[in-house]
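Colleague: One structure is given below, represented as structure tokens, and several questions about it will come after.
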Amino acid sequence: MTATRPHHPARPDIDVRPITEAEIPDWIRALNTGFLRSPDVSPEEIADRRSYLVPARTLGAFDAGLPHSRMRSRGGTPIVATFRSFPQELTAVGGTPVPADAISNVTVTATHRRRGLLTRMMAHDLAAAKERGDVVATLIAAEYPIYGRYGFGPATWTTEWTIDVPRAGLDPRWSGPQDGGRVDLVGGDDVRKLGPELHERLRRARPGLIDRSERWWQVSTGARRLDREPWTEPFHAVYRAADGTVEGLAVYVCDETWSDAKQPLNTATVKSLIAVTPAAERALWLHVCSIDWVVRVKSGRRAPDDLLPLLLPDPRAAAVTTQADWLWVRILDVVRALEARTYQGTGTLVLEIVDGTGPAGGRWRLEASPEGASCTPTTRSADLTLDVGELATLWLGDESAVRLAALGRVQEERAGAAVVADALLRTSRRPWCPDMF
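Structure, rendered in structure tokens:
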């Protein structure tokens with residue numbers, strides 16, 4: 500895939516359509532090829548994909564002009580591009596989940612790039628999502644420049660830290676929380692029982708979070724093994740409050756590295772850490788950073804304003820190793836998107852949304868207060884003019900309209916309107932999506 504617009508003429512013999520059940524193996528082969536993995540497809544991978552793929556929402560580009568190709572196995576038309584979507588719930592500001600069209604498995608084979616195949620697949624999927632009544636579409640962008648031209652904007656960012664434990668200044672005598680709670684190691688069976696309810700509690704409190712399916716919990720705990728991914732049994736640490744309520748869960752793996760001088764140099768890599776209280780979050784980070792032999796901790800994907808660095812006596816011991824965009828959002832229904840979220844302040848904004856031929860274009864009047872919001876079409880003069888992708892960056896509260904105006908990506912039609920927008924739209928904590936899909 501590339502950010503450059505297609506310049507090859509469209510080929511009428513390349514058909515973009517949903518796949519059939521029988522075409523799933525060939526679609527997987529094309530997917531693996533597009534992601535530069537071995538195109539070999541095992542029976543186990545086919546069985547796993549069949550368990551959750553919805554053929555009607557799984558698209559392929561079929562090139563009838565290829566007489567012979569390793570992209571097909573049953574004598575059918577070779578697949579040269581892939582695209583899949585599935586239902587998802589995304590938490591808006593204030594805790595309301597909105598229906599989302601989650602997009603994944605997007606590839607275009609190297610021999611067929613710049614021919615408009617992604618544009619055709621995206622148009623097909625977004626039209627179906629709008630027809631279904633989805634409020635937004637979501638994706639994790641492998642490359643930054645691609646998806647802005649389809650109306651997506653980066654709505655959450657992710658930060659990863661690597662902690663130099665000896666430098667952190669932590670109490671070497673720490674052996675557990677002092678607040679009456681406790682940290683216990685549990686097994687995968689326990690996580691499958693406790694984790695979903697804990698995640699739902701967190702999801703209601705943090706914008707940007709998405710739902711996790713039963714399959715997600717099975718894969719993350721090893722109950723379902725994927726032959727294309729090596730499995731290492733992790734440690735599962737649960738924080739229980741003084742009354743026994745589960746308030747946090749950390750999942751991590753440790754390597755086994757020693758120096759030539761027989762000194763431990765182990766690294767603990769956090770796969771997931773969720774907590775519904777600051778006490779649980781603090782206790783779980785201190786637990787991971789206090790494990791004997793562990794001299795380095797990799798945090799995994801966290802929100803940029805995570806508590807982690809400032810939990811350490813010396814925050815400089817936590818070095819940023821990744822800072823990048825993560826969840827991208829495309830607004831499909833402006834009214835439902837803006838009315839679904841909450842607002843801390845009171846005010847009115849008229850937004851001119853530019854969306855080409857997309858469904859979100861128009862002029863909308865937002866009246867918001869802590870009691871609720873209404874969004875209606877209007878002919879009043881606009882306060883702000885912005886692309887639908889910029890609306891997505893503002894919707895979850897992560898970005899500043901003032902900053903976007905300074906960059907020329909939001910146009911102030913009324914002086915001071917960007918400040919009003921920030922007062923209404925920004926949140927006290929940044930949205931967070933730790934999950935890949």
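The opening position of the sequence shown corresponds to residue 500 in our numbering, with each subsequent residue numbered one higher. By construction, the Cβ of each residue, glycine as well, lies at the ideal position given by its N, Cα and C atoms.
Residue 523 and residue 549: beta carbons closer than 7 angstroms?
Modeller: In this structure, residue 549 lies closer than 7 angstroms to residue 523 by Cβ.
Colleague: Counting along the chain, where does the alpha helix (DSSP H) carrying residue 728 start and finish?
Modeller: Premise fails: residue 728 is in no alpha helix (DSSP H) and is neither H nor E.
Colleague: One question on the structure: do residue 723 and residue 933 come within less than 7 angstroms of each other, judged by their Cβ atoms?
Modeller: No, the Cβ-Cβ distance between residue 723 and residue 933 is not below 7 angstroms.
Colleague: Just to confirm, is the Cβ distance from residue 738 to residue 782 under 7 angstroms?
Modeller: In this structure, residue 782 lies closer than 7 angstroms to residue 738 by Cβ.
Colleague: Can you give the Cα-Cα distance for residue 636 and residue 829, rounded to whole angstroms?
Modeller: Distance between the alpha carbons of residue 636 and residue 829: 5 angstroms.
Colleague: May I ask you to list the residues that DSSP assigns as paired with residue 823?
Modeller: BP columns for residue 823 point to 657.
Colleague: Is the region 626-640 close to the region 778-798, with three or more CB pairs under 8 angstroms?
Modeller: No: the two stretches stay apart, fewer than three of their Cβ pairs being nearer than 8 angstroms.
Colleague: Output yes or no for whether 7 angstroms exceeds the beta carbon distance between residue 931 and residue 707.
Modeller: Yes, the pair counts as a contact, with Cβ atoms nearer than the cut-off.
Colleague: Can you say whether residue 807 is buried or exposed, counting buried as having 16 or more other CB atoms within 10 angstroms of its CB?
Modeller: By the 10 Å Cβ count, residue 807 comes out buried.
Colleague: Where residue 726 and residue 543 are concerned, what is the direct C-alpha to C-alpha distance, given to the nearest angstrom?
Modeller: Residue 726 and residue 543: Cα-Cα distance of roughly 7 angstroms.
Colleague: Between residue 718 and the rest of its own chain, which residues show a CB-CB distance below 7 angstroms, the 5 nearest in sequence each way excluded?
Modeller: Correct list, in chain order: 725.
Colleague: So, does the region 843-853 touch the region 676-694, judging by three or more C-beta pairs under 8 angstroms?
Modeller: Judged by Cβ distances under 8 angstroms, the region 843-853 makes no contact with the region 676-694, as fewer than three pairs qualify.
Colleague: Along the chain, where does the alpha helix (DSSP H) that runs through residue 623 open and close?
Modeller: First-last of the alpha helix (DSSP H) with residue 623: 616-631.
Colleague: Where residue 639 and residue 787 are concerned, what is the direct C-alpha to C-alpha distance, given to the nearest angstrom?
Modeller: Whole-angstrom Cα-Cα distance: 28 angstroms.
Colleague: Grouping DSSP H, G and I as helix and E and B as strand, with all else coil, what is residue 746?
Modeller: Correct three-state label for residue 746: strand.
Colleague: Taking the continuous beta strand (DSSP E) assigned at residue 862, which residues delimit it?
Modeller: 861-868 is the extent of the beta strand (DSSP E) around residue 862.
Colleague: State the DSSP-derived secondary structure class of residue 787, mapped to helix, strand or coil.
Modeller: Reduced to three states, the DSSP call for residue 787 is helix.
Colleague: Is residue 710 helix, strand or coil when you go by DSSP?
Modeller: The answer is coil: DSSP assigns residue 710 none of H, G, I, E or B.
Colleague: Please go through the same chain and pick out, in chain order, the residues whose beta-carbon is closer than 7 angstroms to the beta-carbon of residue 912, but skip the five residues on each side of it.
Modeller: Cβ within range, chain order: 880, 881, 882, 883, 884.
Colleague: Does the contact criterion of 3 or more C-beta pairs under 8 angstroms hold for the region 666-674 versus the region 903-910?
Modeller: With a cut-off of 8 angstroms, the region 903-910 and the region 666-674 do not count as touching, because too few Cβ pairs lie within range.
Colleague: With 16 as the cutoff for other CB atoms within 10 Å, does residue 647 come out buried or exposed?
Modeller: Residue 647 is buried by the Cβ-count criterion.
Colleague: Determine contact between the region 623-630 and the region 653-669, defined as no fewer than three beta-carbon pairs at a distance below 8 angstroms.
Modeller: Judged by Cβ distances under 8 angstroms, the region 623-630 makes no contact with the region 653-669, as fewer than three pairs qualify.
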